[in-house]
Amino acid sequence: VCCSCCALGLQVRSEGKGCEIHQFLGYPCGHIFLTCCEEEEGLSKVSLRRKPRPTSIPREDSEGTFPREAFAIGATDETANGVEEQKDVDECLLHAGKLCQQTCTNTWGSFHCGCYQGFILQGDGRLCAPVIPAEENRVKDYRPANIPTITPATTTAIMSSRTTTTTSRPVRINPCSENGGCSQQCLAVADRALCSCFPGFRLKIDGRKCEDINECVLGTHNCGVGFVCENTLGSFLCNHKPKCITGFSQDSHGNCIDINECLSLRDLCSSGFNCINTVGSFSCQQKTISCSPGYSASSDGAKCVDLDECQMGTNRCGLGQICQNLPGSYTCDCQTGYQYDSLRKLCTDINECDKKPCSQECANIYGSYQCYCRQGYHLKDDGHTCEDIDECSQSIGSLCTFRCVNVAGSYQCACPPQGFTLSANKRSCKDIDECKAGSHNCSYDQSCFNLQGGFRCLSFHCPKNYNKVSDTRCDRISCNSLDCQNSPVRITYYQLSFQTNIIIPAQIFRIGPSPSYSGDHISISIIRGNEEGFFSTRKLNGYTGAVFLQRQVKEPKDFLIYVEMKLLRKGTLSTFLAKIYVFITSGAV
């Protein structure tokens with residue numbers, strides 16, 4: 001950046017153009033540009049310093065090129081004026097944000113305002129306005145409308161832009177727009193925003209935020225001997241060290257003398273105490289008063305008050321005795337549950353359980369007794385009577401699967417009176433298989449079918465023109481009549497059992513030809529026993545159908561439904577009949 005700005009100044013000088021463009025470049029580029037543009041050997045004299053020091057006193061320049069500036073630098077002979085060099089004031093820093101609308105550049109003895117890229121300085125020298133497209137390519141108020149970022153490749157382009165008229169120019173974004181994200185100062189260098197901080201601050205690791213420098217901790221302050229450094233925001237203070245320690249004051253000769261706090265301060269000691277001055281401090285001593293045994297001086301030392309030996313623990317009462325305070329003394333009494341033994345001169349425990357005060361069990365303890373109850377009982381609020389616990393009503397969860405019966409001190413589980421027996425765990429009920437145990441009453445030609453909590457006696461008979469090939473299957477014989485040929489080829493009996501708490505809809509039966517062949521088609525329907533509409537049928541595929549329980553059966557109930565399946569195989573239609581016993585039992589067991 002240094003070389004680029006100097007090269008630009010040298011080129012402007014070689015072309016005989018004015019050097020006033022420096023005020024639009026910003027620091028340090030503008031300073032380097034001006035040095036190389038005005039001086040013969042500018043390149044060798046370039047140095048990065050905060051501000052150039054003048055070689056002469058600023059002269060008034062009311063008719064110069066820059067009428068808004070109060071002073072201009074000239075080559076006036078220093079000895080001719082005879083005034084010693086003055087210190088410049090940085091108005092931009094002193095009145096930050098108040099002098100110019102956008103940017104402020106300090107000069108020796110004055111300052112000048114500038115604008116961001118895409119804006120132009122107005123006639124008042126302070127305000128900025130957006131560049132109008134028609135005015136974008138001409139110089140207004142001797143200031144270039146667009147100041148490019150200085151790089152070696154753009155040096156020639158910058159100078160030629162002052163005299164060349166173009167039809168359009170891309171608007172470049174000022175990286176320091178909105179202060180470039182910097183918390184204090186922003187410098188635009190090569191299209192980048194570089195953040196810097198005011199004196200007394202330093203950049204944080206993020207390179208944008210500034211934090212205070214604690215000169216007192218770092219040891220960079222200049223406080224002399226006898227001063228203490230105090231850090232402030234952006235600076236520090238040097239405060240005089242106190243010469244005298246606490247409890248002393250400095251006299252007119254600079255000596256440290258003791259402060260008599262007892263005379264200079266009031267109410268240092270509470271009532272009943274005297275204030276005694278010491279070197280650098282003071283102490284409080286209690287006033288003395290003579291009291292009789294059993295008494296002591298009050299807090300203010302003005303009177304004698306009783307000593308509570310019982311609360312202080314200085315009494316000599318034995319085990320089981322209660323200390324009672326008296327004026328100037330105390331007495332020992334036996335507490336409740338104890339009696340005084342005149343022979344041993346102490347209190348002995350009374351066995352209250354000998355009087356049978358509890359309804360069940362009694363435990364003697366020192367000075368009292370405790371009633372407790374046996375298992376299955378609880379102690380009532382009177383602390384003496386035991387009451388049975390109703391486990392069936394107070395238990396969390398179910399103790400028994402069917403019914404809980406409370407008994408004195410415990411509980412028992414019960415099962416339905418018929419069809420069930422209590423399991424070995426004494427909680428759940430187990431079904432009795434009457435068919436297996438032989439406790440049913442079915443006849444010889446009937447079949448016993450066990451249910452949850454009972455059984456059923458079923459009769460399987462084959463109608464006319466059918467042969468019974470098994471206990472549950474009837475096949476049609478060969479026949480010539482039309483009615484016989486239209487009857488089912490096979491009749492099969494099935495038995496199903498479910499509980500009332502079954503989740504519906506539930507698939508309870510599937511039917512289909514066995515074996516099945518490609519091209520088979522079936523249809524199924526319930527032709528009898530479904531008058532209340534508890535069941536429905538559904539075709540699962542070309543050769544399988546199913547029966548569903550579609551309504552909740554709330555009470556135990558028996559059903560006998562006839563499910564008919566028609567099979568179309570190779571142009572021949574056949575009928576099959578399934579007689580299904582459906583038994584719904586209680587789900588509460």
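Counting in the UniProt record's numbering, the sequence shown runs from 1 upward without gaps. Ideal placement from N, C-alpha and C gives every residue a C-beta, glycine not left out.
Between the CA atoms of residue j and residue i - distance to the nearest angstrom
| i | j | result |
| --- | --- | --- |
| K345 | Q335 | 14 Å |
| E387 | C317 | 41 Å |
| Q550 | F535 | 6 Å |
| I491 | G529 | 16 Å |
| R266 | C244 | 23 Å |
| T500 | E532 | 16 Å |
| E434 | S447 | 12 Å |
| Q102 | P199 | 22 Å |
| V279 | G219 | 36 Å |
| C284 | G247 | 16 Å |
| G545 | L568 | 14 Å |
| L379 | E361 | 10 Å |
| I158 | E91 | Caution applies to I158, whose pLDDT of 38 falls short of 50 and renders its modelled position unreliable; the model cannot decide the point. |
| P130 | G123 | 14 Å |
| T421 | C415 | 6 Å |
| T572 | N467 | 23 Å |
| Y444 | V582 | 23 Å |
| V469 | S423 | 40 Å |
| C371 | N351 | 13 Å |
| I580 | H440 | 22 Å |
| K430 | T401 | 10 Å |
| Y521 | T537 | Note that residue 521 corresponds to His in the displayed sequence, not to Tyr. Rounded to whole angstroms, H521 to T537 spans 16 Å at the Cα level. |
| S206 | E261 | Looking at the sequence provided, one finds Asp at residue 206 rather than Ser. Each residue's Cα considered, the two are about 55 Å apart. |
| A363 | C373 | 11 Å |
| G114 | L121 | 6 Å |
| C474 | I511 | 17 Å |
Nearest neighbour of residue i, chosen from the options [CA to CA]
| i | options | result |
| --- | --- | --- |
| P539 | G533, E531 and F548 | This sequence places Lys at residue 539; Pro is not what is there. Considering only alpha carbons, the answer is F548. |
| R126 | T278, L99 and S110 | L99 |
| R202 | C442, G545, C429 and E215 | E215 |
| I504 | Q552, C291 and K241 | Q552 |
| S393 | T575, H384 and V405 | V405 |
| L326 | P293, E261 and Y340 | P293 |
| S523 | P515, T575 and S478 | T575 |
| E15 | E38, D306, Q418 and H31 | E38 |
| residue 591 | G280, K303 and K426 | In the structure as shown, the chain starts at 1 and stops at 589, and residue 591 therefore has no counterpart that could be examined. |
| D341 | G438, G328 and Q321 | Q321 |
| G509 | D431, S516 and F498 | The amino acid occupying residue 509 in the given sequence is Phe; Gly does not appear at that position. If we check each option's Cα against that of F509, F498 comes out closest. |
| S428 | H440, C413 and I502 | C413 |
| C310 | S290, C332 and G301 | C332 |
| R192 | C462, N179 and I511 | N179 |
| I389 | K209, L399, G383 and S410 | S410 |
| D558 | T385, C462 and Q495 | Q495 |
| T232 | V217, V225, K241 and G226 | V217 |
For residue i, the three-state DSSP class (helix, strand or coil)
| i | result |
| --- | --- |
| F33 | helix |
| K557 | strand |
| E531 | coil |
| D300 | coil |
| K436 | helix |
| D124 | coil |
| Q375 | coil |
| D382 | coil |
| V225 | coil |
| A506 | strand |
| N214 | coil |
| G82 | For G82, the predicted structure reports a pLDDT of 36, less than 50, and the residue's modelled location is therefore unreliable. A value from the coordinates is still provided. DSSP places G82 in coil when its eight states are reduced to three. |
Residues sharing a beta bridge with residue i, DSSP
| i | result |
| --- | --- |
| Y295 | D306 |
| K579 | Y493 and Y562 |
| S249 | I257 |
| K539 | G545 |
| T105 | H112 |
| K468 | C474 |
| R403 | A414 |
| Y338 | D349 |
| K430 | T421 |
| C284 | C275 |
| D388 | Y377 |
| L237 | E230 |
Expected contact under 8 Å - CB spacing of residue i and residue j to nearest Å
| i | j | result |
| --- | --- | --- |
| G337 | D349 | 7 Å |
| Y295 | D306 | 6 Å |
| T585 | G453 | 6 Å |
| A190 | V1 | 7 Å |
| C19 | L34 | 6 Å |
| Y197 | C186 | Per the sequence shown, the amino acid found at residue 197 is Cys instead of Tyr. Contact flag wrong, Cβ pair sits at about 11 Å. |
| G272 | D300 | 3 Å |
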